[in-house]
Amino acid sequence: MIKNPFHACATCIHFEARKYAPRRMKYRCTRLNYETKPDYQFNCWEPKTHVVDLMKKREMGK
Numbered sequence: 011m012i013k014n015p016f017h018a019c020a021t022c023i024h025f026e027a028r029k030y031a032p033r034r035m036k037y038r039c040t041r042l043n044y045e046t047k048p049d050y051q052f053n054c055w056e057p058k059t060h061v062v063d064l065m066k067k068r069e070m071g072k
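Structure follows, in structure tokens:
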């Protein structure tokens, strides 16, 4: 299995980041309704459109 370097919560369409205090952030998956971190990975990952474009661009460069 090839590891995808783009596969992370921060690149998913369901990822939400909210500031709740000065210098404090909360990250959440809106699909799973679960608190997460930007570098976590779940099997339900759906990449954002700009990430899909970047993945295609990198694949064509190989």
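Adding 10 to a residue's 1-based position in the sequence shown gives its number in my numbering.
Backbone N, C-alpha and C fix where the C-beta goes; we use that ideal spot for every residue, glycine too.
Let me confirm a value: V62 is counted as buried when at least 16 other C-beta atoms fall within 10 Å, else exposed. Which label applies?
exposed
Measure the alpha-carbon distance for T46 versus I23 and round it to whole angstroms.
14 Å
Starting from the Cα of T40, find the closest Cα among K67, H60, E56 and N14 and give me that residue.
E56
Are A18 and D49 close, meaning C-beta to C-beta below 8 Å?
yes
Does the distance from the CB of Y44 to the CB of R38 come in under 8 Å?
yes
Give me the residue from F25, P15, N14 and K67 with the minimum Cα distance to K58.
F25
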